[in-house]
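S.K.: Our numbering applies: residue 1293 is where the sequence shown begins, and numbers increase by one. Even for Gly, the Cβ is constructed at its ideal location relative to N, Cα and C.
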Amino acid sequence: MKDPYEVLGVNRNATKEEIRDAYRELIKKYHPDKFRDNPDMKALAEEKIKEVNEAYKYLLDNFDNSSGVSGVASGDQSLFQQARQKIGTGDYYGAEDLLVRISDKSNPEWYFLSGLIYFKQGWYDKAGTYLKYAHEAKPDNKEYEDTYKEFLKASRSYNPQMNGPAQGGGMNDETTACLNCCAALACTDICCHCMGGI
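1) Am I right that Pro1324 and Glu1338 are in contact with their C-beta atoms under 8 Å? What's the rounded C-beta distance?
2) Could you tell me if Val1392 is buried or exposed, where buried requires 16 or more neighbouring beta carbons within 10 angstroms of its beta carbon?
3) Excluding the 5 residues flanking Phe1443 on each side, which residues of the same chain have their C-beta closer than 7 Å to its C-beta?
4) Where does Asp1432 land, buried or exposed, given buried means 16+ other C-beta within 10 angstroms?
5) Where does His1427 fall in DSSP's three states?
6) For Ala1426, which residues in the same chain have their Cβ closer than 7 Å to its Cβ, ignoring the five residues on either side in sequence?
7) Could you spell out where the alpha helix (DSSP H) holding Trp1415 opens and where it closes?
8) Among residues of its own chain, excluding the 5 on either side of Tyr1384, which ones have a beta-carbon nearer than 7 Å to its beta-carbon?
9) Is DSSP giving Thr1439 helix, strand or coil here?
10) The alpha helix (DSSP H) spanning Asn1345 covers which residue range?
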């Protein structure tokens, strides 16, 4: 997700009313009906509208009426936005480094972004815990809900026989170690019998 302030063209201290006004202007400007006769421009306008809607929703979801700024410390807000950008480009380690610097790690956004990183890396056990917490903490946040649903769908279709960090099929490290040990013992027994062992 791009920086929502840049998408809407407002400063970081914008009031809720300024955010709404900017949103309304952009919706009018890029309304797809204005480009009916030009399919290419209409497709671009639809993409822009989607981007504007996401930015508007994000800012309103994180807006604190009492302070007039987003509901997290401004330093944290900036780190969250940078982390989102890094996740968007696939720089998960860079995003993790930024999330470590967040002062309020009880914020649902921290859990959401951490869970998103785990999900994209295939660490399903951790991803599920973090994404579920974020969704339950802010059930009205559509992005959190959609991502959690996507995770649930992916984890159900996950094949536990695949290699990789994900353990969505219910095989934890102890089970895997036990199976590897049993396989090694069975192999040793077969070899010993083949070589004349007892």
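M.R.: If we stick to the structure as given:
1) Translated into positions along the sequence shown, residue 1324 becomes position 32. Translated into positions along the sequence shown, residue 1338 becomes position 46. Confirmed, Cβ separation roughly 5 Å.
2) If you number the sequence shown from 1, residue 1392 lands on position 100. When all chains shown are included, Val1392 counts as exposed.
3) The residue given as residue 1443 occupies position 151 in the sequence shown. Excluding residues within five positions, the ones whose Cβ falls inside 7 Å are Phe1411, Ala1419, Gly1420 and Leu1423.
4) Residue 1432 sits at position 140 when you count from the first residue of the sequence shown. Exposed: under 16 other Cβ atoms inside 10 Å.
5) For the purposes of this step, residue 1427 is taken as the residue at position 135 of the sequence shown. Here His1427 sits in helix by DSSP.
6) Numbered from 1 along the sequence shown, position 134 holds the residue referred to as residue 1426. Contacts found: Pro1400, Tyr1403, Phe1404, Gly1407 and Tyr1436.
7) The residue you call residue 1415 lines up with position 123 of the sequence shown. First-last for Trp1415: undefined, no H or E at that position.
8) In the sequence shown, the residue the question calls residue 1384 occupies position 92. Closer than 7 Å at the Cβ level, and outside the excluded window around Tyr1384, lie Ile1409, Lys1412 and Gln1413.
9) The sequence position of residue 1439 within the sequence shown is 147, counting from 1. In the structure shown, Thr1439 sits in a helix (DSSP, three-state: H, G or I).
10) In the sequence shown, counting from the first residue as 1, residue 1345 sits at position 53. Element bounds for Asn1345: Pro1331 to Asp1353.
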